[in-house]
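**Q** The structure is given below, and queries will be raised subsequently.
Numbering (this note's numbering), first residue to last: 143 to 490.
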């Protein structure tokens with residue numbers, strides 16, 4: 143069901159990444175044709191909705207001055223690349239919007255700070271009784287001396303977005319492979335702390351939520367990741383190649399399909415995600431990634447507070463399985479945020 147027009151703001155501004163700047167999450171650290179097509183599809187879809195005045199702001203130089211002059215009723219924060227395309231500065235945009243008093247979609251600074259640190263998310267989830275993989279946290283200074291004892295293991299940066307730092311070699315099977323990958327991270331991402339995580343060999347799932355603790359959440363149909371077309375010998379993981387290298391085996395072979403989990407199990411996981419959503423302070427929407435351990439338990443891998451907004455992204459795929467097209471998804475996200483903003487204003 144799409145929102146009524148009176149549930150929508152009249153004037154919005156949409157912030158995205160800046161295609162004119164380098165971006166470490168993309169192939170060659172630059173926007174490519176696929177990325178530009180996502181931006182164009184966003185503009186076309188918002189225009190076709192015809193529900194509000196809008197401006198899409200891509201350039202980050204002068205970003206906040208432009209927002210001040212526009213005086214939007216709501217800012218749609220789709221800048222998941224960070225200010226000036228620096229992932230560690232994704233929090234800066236939400237922080238500045240709140241300083242300026244501009245209501246915006248998605249997570250605020252506190253939630254972004256929590257979710258950017260994967261170990262923090264794991265510890266909070268574990269405290270809430272949500273199963274998580276066993277893992278070892280390693281400070282950047284200790285990468286050359288740490289010993290990995292249990293294999294196979296998945297090695298990844300503790301702070302990163304877009305699977306940066308996770309290549310097909312991140313799944314290690316012995317001490318030599320572990321040493322080599324740790325050395326690679328130390329060279330490519332200097333100063334970055336690392337997680338050494340037990341590898342969960344079973345089915346990988348995604349669960350999307352739209353809503354807020356009050357009045358409540360709607361869970362989108364869960365998906366499972368289909369690795370069956372991936373050539374033999376390649377690690378069955380969501381590597382950086384799958385997200386940033388068009389033409390690679392990972393990009394072409396990995397797909398999503400509706401999860402085969404029983405409805406009751408999906409509801410259990412959605413309830414757990416709703417609890418964690420509230421505890422982390424997420425707002426409006428979020429995506430939760432799970433994977434199945436050898437013992438059959440489904441364990442939380444990551445939480446994505448402002449999941450990718452593109453028409454071909456995982457969140458849009460989940461919405462599609464719920465019968466919500468891209469236009470409907472964008473309208474729903476904006477309406478969800480606007481209702482939250484209006485409730486907050488009424489409560490003051």
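No residue lacks a Cβ here, since even glycine has one placed at the ideal position from N, Cα and C. These figures come from a predicted structure and were not determined experimentally.
1. Mapping the DSSP letters down to three states, classify residue 470 as helix, strand or coil.
2. Below 8 Å between beta carbons: does that hold for residue 434 and residue 344?
3. From what residue to what residue does the alpha helix (DSSP H) around residue 394 run?
4. Expressed to the nearest angstrom, what Euclidean distance is found between the alpha-carbon atoms of residue 372 and residue 391?
5. With H, G and I counted as helix, E and B as strand and the rest as coil, what does DSSP make of residue 306?
6. For residue 446, which of helix, strand or coil comes out of DSSP?
7. Do residue 380 and residue 439 have their C-beta atoms closer together than 8 Å?
8. Which term fits residue 425, buried or exposed, when burial requires 16 or more other beta carbons within 10 angstroms of its beta carbon?
9. Could you tell me the boundaries of the beta strand (DSSP E) in which residue 428 lies?
10. So does the region 151-170 actually touch the region 224-231, counting three or more Cβ pairs closer than 8 Å?
11. Nearest to residue 375 by CA position, among 336, 361, 313 and 428, is which residue?
12. Mind checking residue 497: buried by the 16 CB within 10 Å criterion, or exposed?
13. Count Cβ pairs between the region 279-298 and the region 332-339 that sit closer than 8 Å; are there 3 or more?
14. Determine the DSSP secondary structure at residue 193, reduced to helix, strand or coil.
15. Can you give the beta carbon distance from residue 158 to residue 198, rounded, assuming they're within the 8 Å contact cut?
16. Go through its chain and collect everything with a Cβ distance to residue 270's Cβ below 8 Å, but skip five positions before and after it.
17. Going by DSSP, what residue range makes up the beta strand (DSSP E) through residue 358?
18. Any idea what DSSP makes of residue 202, helix, strand or coil?
19. Using the Cα positions of residue 360 and residue 352, report the straight-line distance between them to the nearest angstrom.
20. Excluding the 5 residues preceding and the 5 following residue 307 in the sequence, name in chain order all residues of the same chain whose CB lies nearer than 8 Å to its CB.
21. On a Cα-Cα basis, can you pick out the residue from 203, 155 and 252 that is closest to residue 213?
**A** Taking the definition as stated:
1. helix
2. yes
3. 391-395
4. 7 Å
5. coil
6. Residue state for residue 446 is assigned as strand, using DSSP reduced to three classes.
7. Not in contact: residue 380 and residue 439 (Cβ atoms no closer than 8 Å).
8. Residue 425 is buried by the Cβ-count criterion.
9. 426-434
10. yes
11. 313
12. The question about residue 497 has no answer, for the chain in this structure spans 143 to 490.
13. Taking 8 Å as the limit for Cβ pairs, the verdict is that the region 332-339 does touch the region 279-298.
14. coil
15. Contact between residue 158 and residue 198 holds: CB atoms are separated by about 6 Å, below the 8 Å threshold.
16. Once the five neighbours on either side are set aside, the close Cβ partners of residue 270 are 414, 417, 418 and 421.
17. 358-361
18. coil
19. 5 Å
20. Around residue 307: 298, 299, 327, 330, 331, 334 and 382.
21. 155
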